[in-house]
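Structure first, commentary second.
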Amino acid sequence: MTALREHIEAVALVDHHAHGCWLAPGDRSRFENALNEANTEPLAAFDSGFDTQLGFAVRARCGPLLGISRHTDADTYWQHRSGIPEPELAERFLQAAQVCDWLVDTGFAAGAAGLDEMAALGAGRVHEVVRLESVAEEAAAAPGDYAAAFDDLLWRRTRNAVATKSILAYRGGFAGDLSDPALSEVAEAAARWRDRGGTRLDDRVLLRYGLHRALRVGKPLQFHVGLGDRDCDLHAANPSHLLDFLRVSGDVPVMLLHCYPYEREAGYLAQAFNNVYLDGGLAVNHLGARSANFIGRLLELAPFRKILYSSDGFGPAELHYLGARLWRAGLAATLARFVDADEWSQADAVRVVDLIAHTNARRVYELG
Amino acid sequence: MTALREHIEAVALVDHHAHGCWLAPGDRSRFENALNEANTEPLAAFDSGFDTQLGFAVRARCGPLLGISRHTDADTYWQHRSGIPEPELAERFLQAAQVCDWLVDTGFAAGAAGLDEMAALGAGRVHEVVRLESVAEEAAAAPGDYAAAFDDLLWRRTRNAVATKSILAYRGGFAGDLSDPALSEVAEAAARWRDRGGTRLDDRVLLRYGLHRALRVGKPLQFHVGLGDRDCDLHAANPSHLLDFLRVSGDVPVMLLHCYPYEREAGYLAQAFNNVYLDGGLAVNHLGARSANFIGRLLELAPFRKILYSSDGFGPAELHYLGARLWRAGLAATLARFVDADEWSQADAVRVVDLIAHTNARRVYELG
Amino acid sequence: MTALREHIEAVALVDHHAHGCWLAPGDRSRFENALNEANTEPLAAFDSGFDTQLGFAVRARCGPLLGISRHTDADTYWQHRSGIPEPELAERFLQAAQVCDWLVDTGFAAGAAGLDEMAALGAGRVHEVVRLESVAEEAAAAPGDYAAAFDDLLWRRTRNAVATKSILAYRGGFAGDLSDPALSEVAEAAARWRDRGGTRLDDRVLLRYGLHRALRVGKPLQFHVGLGDRDCDLHAANPSHLLDFLRVSGDVPVMLLHCYPYEREAGYLAQAFNNVYLDGGLAVNHLGARSANFIGRLLELAPFRKILYSSDGFGPAELHYLGARLWRAGLAATLARFVDADEWSQADAVRVVDLIAHTNARRVYELG
Numbered sequence: 001m002t003a004l005r006e007h008i009e010a011v012a013l014v015d016h017h018a019h020g021c022w023l024a025p026g027d028r029s030r031f032e033n034a035l036n037e038a039n040t041e042p043l044a045a046f047d048s049g050f051d052t053q054l055g056f057a058v059r060a061r062c063g064p065l066l067g068i069s070r071h072t073d074a075d076t077y078w079q080h081r082s083g084i085p086e087p088e089l090a091e092r093f094l095q096a097a098q099v100c101d102w103l104v105d106t107g108f109a110a111g112a113a114g115l116d117e118m119a120a121l122g123a124g125r126v127h128e129v130v131r132l133e134s135v136a137e138e139a140a141a142a143p144g145d146y147a148a149a150f151d152d153l154l155w156r157r158t159r160n161a162v163a164t165k166s167i168l169a170y171r172g173g174f175a176g177d178l179s180d181p182a183l184s185e186v187a188e189a190a191a192r193w194r195d196r197g198g199t200r201l202d203d204r205v206l207l208r209y210g211l212h213r214a215l216r217v218g219k220p221l222q223f224h225v226g227l228g229d230r231d232c233d234l235h236a237a238n239p240s241h242l243l244d245f246l247r248v249s250g251d252v253p254v255m256l257l258h259c260y261p262y263e264r265e266a267g268y269l270a271q272a273f274n275n276v277y278l279d280g281g282l283a284v285n286h287l288g289a290r291s292a293n294f295i296g297r298l299l300e301l302a303p304f305r306k307i308l309y310s311s312d313g314f315g316p317a318e319l320h321y322l323g324a325r326l327w328r329a330g331l332a333a334t335l336a337r338f339v340d341a342d343e344w345s346q347a348d349a350v351r352v353v354d355l356i357a358h359t360n361a362r363r364v365y366e367l368g
Numbered sequence: 001m002t003a004l005r006e007h008i009e010a011v012a013l014v015d016h017h018a019h020g021c022w023l024a025p026g027d028r029s030r031f032e033n034a035l036n037e038a039n040t041e042p043l044a045a046f047d048s049g050f051d052t053q054l055g056f057a058v059r060a061r062c063g064p065l066l067g068i069s070r071h072t073d074a075d076t077y078w079q080h081r082s083g084i085p086e087p088e089l090a091e092r093f094l095q096a097a098q099v100c101d102w103l104v105d106t107g108f109a110a111g112a113a114g115l116d117e118m119a120a121l122g123a124g125r126v127h128e129v130v131r132l133e134s135v136a137e138e139a140a141a142a143p144g145d146y147a148a149a150f151d152d153l154l155w156r157r158t159r160n161a162v163a164t165k166s167i168l169a170y171r172g173g174f175a176g177d178l179s180d181p182a183l184s185e186v187a188e189a190a191a192r193w194r195d196r197g198g199t200r201l202d203d204r205v206l207l208r209y210g211l212h213r214a215l216r217v218g219k220p221l222q223f224h225v226g227l228g229d230r231d232c233d234l235h236a237a238n239p240s241h242l243l244d245f246l247r248v249s250g251d252v253p254v255m256l257l258h259c260y261p262y263e264r265e266a267g268y269l270a271q272a273f274n275n276v277y278l279d280g281g282l283a284v285n286h287l288g289a290r291s292a293n294f295i296g297r298l299l300e301l302a303p304f305r306k307i308l309y310s311s312d313g314f315g316p317a318e319l320h321y322l323g324a325r326l327w328r329a330g331l332a333a334t335l336a337r338f339v340d341a342d343e344w345s346q347a348d349a350v351r352v353v354d355l356i357a358h359t360n361a362r363r364v365y366e367l368g
Numbered sequence: 001m002t003a004l005r006e007h008i009e010a011v012a013l014v015d016h017h018a019h020g021c022w023l024a025p026g027d028r029s030r031f032e033n034a035l036n037e038a039n040t041e042p043l044a045a046f047d048s049g050f051d052t053q054l055g056f057a058v059r060a061r062c063g064p065l066l067g068i069s070r071h072t073d074a075d076t077y078w079q080h081r082s083g084i085p086e087p088e089l090a091e092r093f094l095q096a097a098q099v100c101d102w103l104v105d106t107g108f109a110a111g112a113a114g115l116d117e118m119a120a121l122g123a124g125r126v127h128e129v130v131r132l133e134s135v136a137e138e139a140a141a142a143p144g145d146y147a148a149a150f151d152d153l154l155w156r157r158t159r160n161a162v163a164t165k166s167i168l169a170y171r172g173g174f175a176g177d178l179s180d181p182a183l184s185e186v187a188e189a190a191a192r193w194r195d196r197g198g199t200r201l202d203d204r205v206l207l208r209y210g211l212h213r214a215l216r217v218g219k220p221l222q223f224h225v226g227l228g229d230r231d232c233d234l235h236a237a238n239p240s241h242l243l244d245f246l247r248v249s250g251d252v253p254v255m256l257l258h259c260y261p262y263e264r265e266a267g268y269l270a271q272a273f274n275n276v277y278l279d280g281g282l283a284v285n286h287l288g289a290r291s292a293n294f295i296g297r298l299l300e301l302a303p304f305r306k307i308l309y310s311s312d313g314f315g316p317a318e319l320h321y322l323g324a325r326l327w328r329a330g331l332a333a334t335l336a337r338f339v340d341a342d343e344w345s346q347a348d349a350v351r352v353v354d355l356i357a358h359t360n361a362r363r364v365y366e367l368g
């Protein structure tokens, strides 16, 4: 088993979905709120972002990189963290993640590092993921026909990108019609949206249009699935509602991100469709000491060539590092159980580690 | 680890949702049917309430308090149990639960001890939880304007109570509109309901009215969530359908009870809203030897200051005791795993035990 | 614990839901596609049916019956397998399953052994399960009144059968009205369907008619539940949508098959209704090294007299064997944990093994 654990510790990861980390200084409330994904309001006075699985995992796993021991109390953690400039924290945590390639969603970037800044941290190659809803907002602000503007922008922005991304989960969810709308419908919807200001796209017709144009681009299309903030109706972010869309999605890889608590439904879809993949980013961090159980559930119906790694790190650089740490620990615990029970051989386990860590991602995103 | 286990064994519990236990004698069929939560009919001739996880747990955990050894067969268990008067069983089991405060829902009390009788058992302080649907039935029977009668009754009944409770899950479920109805709608709905007899409230308008009046009372509002008897459409008792209601619920604590099999959705809501809490009462008893796994799932997304303990005991006093026993055992097993893996420190584990056992409940219900 | 494990290894199983195994030769793509349940298209060029939990379990568990060691690589597995005639593989695997009674669904039998051929393998008694949708297609092809033809065919075909089976999950799912339609509606729907060719029944009225006629036959009615191929909308195969149907199903045993990922909902229904049962067939095979966790979940709310065993084997005879092997291993692991923790006695565990292995099935299907 030592060989398996050593392999998992050292394996290079493709983090196929992350955001920028902070580079600018911030106060403790910024940090504590960043430890809560779902709440869109400031934490209540009686609460602390540290008193969560994620908070405990940050103290346990990230403390040592700040020079303090595991489980040091929250005040001390914050004291040490706030004594180090954000850019130095970013370098330290991202380099420690042992990630060879970061696929960065640039669509939600308020206060976070951009692509060039991420690359400058020297922690691996950086690739762009283009958010469809951002392209739509740019198209709304452009003169002339919306559809033409969207198509043109999408083509230009994705030329050097490795994937597109949809946050439909936050804009009404997956349930309901997701067919390709007629151009006349798109024109009408765009006119209405432009009249309303053309921000925060939630028009269903235009969301559908974006998805189907992304299919034509042909690069992998990422979907936010499951847990997120409370703007999202959790039950509408169940990926089984994507079935009709998947039935017409052809060969374009569709990447189901995060998935909790619908990881079993996502695994089913990854088995049912040659072009569907899944990961457990975001959830792994928030589950902390419970993340190994979750990683086990990712290894159920999904074929092993359809599972990827991501952190979904955003903001505190701890998250970019912690995702990798918890993934290595949880995968090791899960696979060791299979091997100990003689259900899997160790050689097979090592092979599956490589598939999830980087091989599948390199194939799907053509990372070379 | 011994210190952690000893702490969990001895910690005082606030049981923030229970019902009265039996004081009057009954036959074996009453007992066996009480071991099945979901079935509203007598058990089939081929079946036995003892051949369930709950039945096995009763024999294993409660037998010793009757003077018989763990796992003694069902017939012997019943023989010993039926030889002891119910009031003595009630005293014995409730005192053994080591509960300092019982929050008792008086809305479903057929054949069970009332508040004074519960208090007289000498097993801890007793506080009242007022069921909204019972208040509605009283208001339907009162003369004059329904809304005024409801408001007046609710104010008087909750003055000395610590919380309100809704069984909307049993009266149509959470899906659909849960906004505050206009008073004219309330008057019309009340007239229709009074014409039908004014019993077993299932009018949606009046249910919604009750919820929003409860928000004005401002005391914690408990919701039955998830498993219950088959009058409830299980899928409609998924708490994610409460999202729109929670979005307007302000600061009033909303307590999600039981939650199985939607404990992950409930945990998400507890993270998403500063005023949402959860427990695993009822489910812990019915899961018996599987309850430790369930308790682990309660410790996922929910912040640790948002998790409470309850038994949901009703009827056999075994249930009031067993809830506590299984909770102590399951929490110990769960936390020991975190500590053994060095994901949590033992000190943190002890602190979280106290939060769930009583600290959170005392804060939310202002128990002093 | 050795006694418990030995008992589970040797206990005779009733496989209460299986299909025929292959007898005719086939190529590797037939085999690999048979290792994927959900995908209705050929596997992608980059994929392999062997790189799944099921594929790993086949290599680990079935290899030794081909004379090769556990975990031998996929190419070698295929090489040895393809060197043995299918009928010999069928005999070898089915006999090794230690199944005393096979209940065979004859409704989906393309390329698979029929009842007589299954019986001729000498691996246990064979009983028929009649698929309602097949009866409907026969009735559509018969002259005269559809309802009369259906009733007559159903009566004749079920006279010697032990159960009926519905694949409503694949024909629109459980959500929506499932009441008994009026005969006039049936006649109209049948006329429309016959005009369309009378194949692949998906008319809701006729599906409902079939269910209610099956209730009158009174033999156990099996439902495909949860995971299947992608023709099925997974969320519509959630058994909680059967609640209204179950409320009128009387005493006729309703058998919920497979259930993943809705096994918790299925367990709730098995507790809520005296006539509802569940198993975990199909899912156990596809979960491989993760199947023990799943088997644990089957042992939650469902009373122990309501749980059965099945493989749902179809095609490769490995599946008929593997279902039994994984069930024995997973049940042993689950129950050993209960007994080790002193939550169950070993004698109780042995008794529950017998209930699930054969006692419940013999009672429900009156196998004698």
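Chains as they are written, first to last, in full-length UniProt numbering: chain A, 1 to 368; chain B, 1 to 368; chain C, 1 to 368. The beta carbon of each residue, even a glycine, is placed where N, CA and C say it ideally should be. Owing to the predicted nature of the structure, the values given are computational and were not obtained by experimental measurement.
Rounded C-alpha distance that separates residue i from residue j
{"i": "residue 143(B)", "j": "residue 338(B)", "result": "58 Å"}
{"i": "residue 80(A)", "j": "residue 28(A)", "result": "12 Å"}
{"i": "residue 174(C)", "j": "residue 249(C)", "result": "14 Å"}
{"i": "residue 163(B)", "j": "residue 107(B)", "result": "12 Å"}
{"i": "residue 266(A)", "j": "residue 110(B)", "result": "45 Å"}
{"i": "residue 255(A)", "j": "residue 364(A)", "result": "10 Å"}
{"i": "residue 235(C)", "j": "residue 367(C)", "result": "34 Å"}
{"i": "residue 57(C)", "j": "residue 47(C)", "result": "17 Å"}
{"i": "residue 277(B)", "j": "residue 55(A)", "result": "18 Å"}
{"i": "residue 321(B)", "j": "residue 328(B)", "result": "11 Å"}
{"i": "residue 25(A)", "j": "residue 269(B)", "result": "30 Å"}
C-beta neighbour in chain C for residue i, strict 8 Å
{"i": "residue 30(B)", "result": "no"}
{"i": "residue 76(B)", "result": "no"}
{"i": "residue 133(A)", "result": "no"}
Chain A within 8 Å of residue i, Cβ atoms only
{"i": "residue 272(B)", "result": "yes"}
{"i": "residue 9(C)", "result": "no"}
{"i": "residue 174(B)", "result": "no"}
{"i": "residue 60(C)", "result": "yes"}
Buried versus exposed, by CB contacts within 10 Å (16 or more), residue i
{"i": "residue 295(C)", "result": "buried"}
{"i": "residue 65(B)", "result": "buried"}
{"i": "residue 311(A)", "result": "buried"}
C-beta neighbour in chain B for residue i, strict 8 Å
{"i": "residue 128(A)", "result": "no"}
{"i": "residue 64(A)", "result": "no"}
{"i": "residue 261(A)", "result": "yes"}
Own chain, CB closer than 7 Å to residue i, minus 5 neighbours either side, in chain order
{"i": "residue 53(C)", "result": "286, 287, 288, 289, 290"}
Sequence-distant residues of its chain with Cβ nearer than 8 Å to residue i (five each side left out)
{"i": "residue 262(B)", "result": "225, 226, 237, 238, 239, 240"}
Residues bridged to residue i [DSSP beta-bridge criterion]
{"i": "residue 315(A)", "result": "21(A)"}
6 Å CB neighbourhood of residue i in its chain, flanking five on each side removed
{"i": "residue 133(C)", "result": "167, 201"}
{"i": "residue 125(B)", "result": "101"}
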